[in-house]
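Residue numbers (full-length UniProt numbering): 1 to 124.
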């Protein structure tokens with residue numbers, strides 16, 4: 001497939017890159033002009049590392065809070081967005097935060113996380 005296209009677009013998924021052991025900021029610095037779609041997901045690097053090394057399962061990592069609102073984790077989202085802006089990225093930014101609820105969340109729950117992520121992104 002890659003031989004057919006000279007420059008296929010990349011679907012950037014910051015959280016899954018981090019979990020897989022790739023620094024998403026370094027990838028963007030090298031390939032920003034090829035990003036066609038951006039999934040912005042922030043993670044707790046300690047939990048992501050445990051999942052990436054197979055020390056705990058993905059589901060257990062999610063339950064433990066591996067994914068956090070944008071700007072509250074270790075993916076350097078603000079720097080990634082700044083890098084994409086240098087190449088005039090005009091695609092969509094999808095805000096993502098995986099969660100697993102086993103009971104009614106306290107306070108605002110996921111709605112509060114969405115608000116925090118949107119506020120962070122709009123403040124850049």
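Just so you know, even glycine gets a beta-carbon here, dropped at the ideal spot from N, CA and C. Bear in mind that the values here come from a model prediction, so they are computed numbers and not experimental data.
Going by beta carbon distance, what residues of the same chain come within less than 7 angstroms of residue 1, once the five residues before and after it are set aside? Residue placement at residue 1 cannot be trusted, given a pLDDT of 40 that sits under 50; the coordinates are not used to answer.
Range of the contiguous alpha helix (DSSP H) that encloses residue 15: 14-19
Less than 8 angstroms between the CB atoms is what I'm expecting for residue 15 and residue 56, so what's the real figure, rounded? Wrong, their Cβ atoms sit about 16 angstroms apart, outside the cutoff.
Which of helix, strand or coil DSSP assigns to residue 49: helix
Segments assigned beta strand (DSSP E), at least 3 residues, entirely inside the UniProt domain "Xylose isomerase-like TIM barrel" (10-117): For the UniProt domain "Xylose isomerase-like TIM barrel" (10-117), whole beta strand (DSSP E) runs of length 3 or above, ordered along the chain, are 10-13, 35-40, 93-95.
Where does residue 124 fall in DSSP's three states? In the three-state DSSP reduction, residue 124 falls in the coil class, being neither helix nor strand.
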